[in-house]
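Beneath this line is the structure, given in structure tokens, with notes to follow.
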Amino acid sequence: MNKKLKFASAFLVTTLLVEPVVTLINDNNIILAREKNTINEQIKLKKFLKYNFNLSNKESEDVIKFLEKIKEEGYNSPEARERGKFAILRGIFKVFVRNVDAIPSKTIRRYIDTHGYKIIEAVDYIEETSTAGFTIAFESAGIPYPQARLLAEFVVFFVL
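Quick note: the sequence shown uses this note's numbering, first residue 571, plus one each step.
Written out as structure tokens, the structure reads:
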């Protein structure tokens, strides 16, 4: 009985220790593979920059460092989120312009049909996502105030 107990406890301890060791080895292999992949990507990018933009190795390294900095910091920054929000708004406005017939209000439909691409351009002028902000942006894009105000209220009510 004593031998069976020792064998069972040794088996249990071995089983419990094997999983963390295997996980550690796999994690190290994944990290090494990622580093190797990153190095290969940098080499390809250097070649691309050298042949297409005629950059020296030093200039290529500077570009790569800059891109890595953007990749690390840029994706989660508030500025990136704002750019993403405006990209989504631009897409929504494009859908409105393409599918004007789906909008229930005839007045809004007529305004979007008349000023459709000015509305899409207005995304570049938006400083705040409120009725006043959209009105100012639409006016900056060349839409008259009464129509800009109505379109801004429509966007704030139905989109935001």
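Note that beta-carbon positions come from the ideal geometry of N, C-alpha and C, so glycine has one too.
Per DSSP, the continuous alpha helix (DSSP H) segment holding Ile-706 begins and ends at 701-710. Ser-626 sits in coil when the DSSP states are folded into three classes, being neither helix nor strand.
Residue environment: Phe-666 is assigned as buried (16 or more neighbouring CB atoms within 10 Å of its CB, all protein chains considered). Residue burial annotation: Val-729 is exposed, with fewer than 16 other C-beta atoms found within 10 angstroms of its C-beta.
The continuous alpha helix (DSSP H) containing Ala-718 extends over residues 715-728. Of all C-beta pairs linking the region 670-678 to the region 654-661, fewer than three are shorter than 8 Å, placing the two stretches out of contact.
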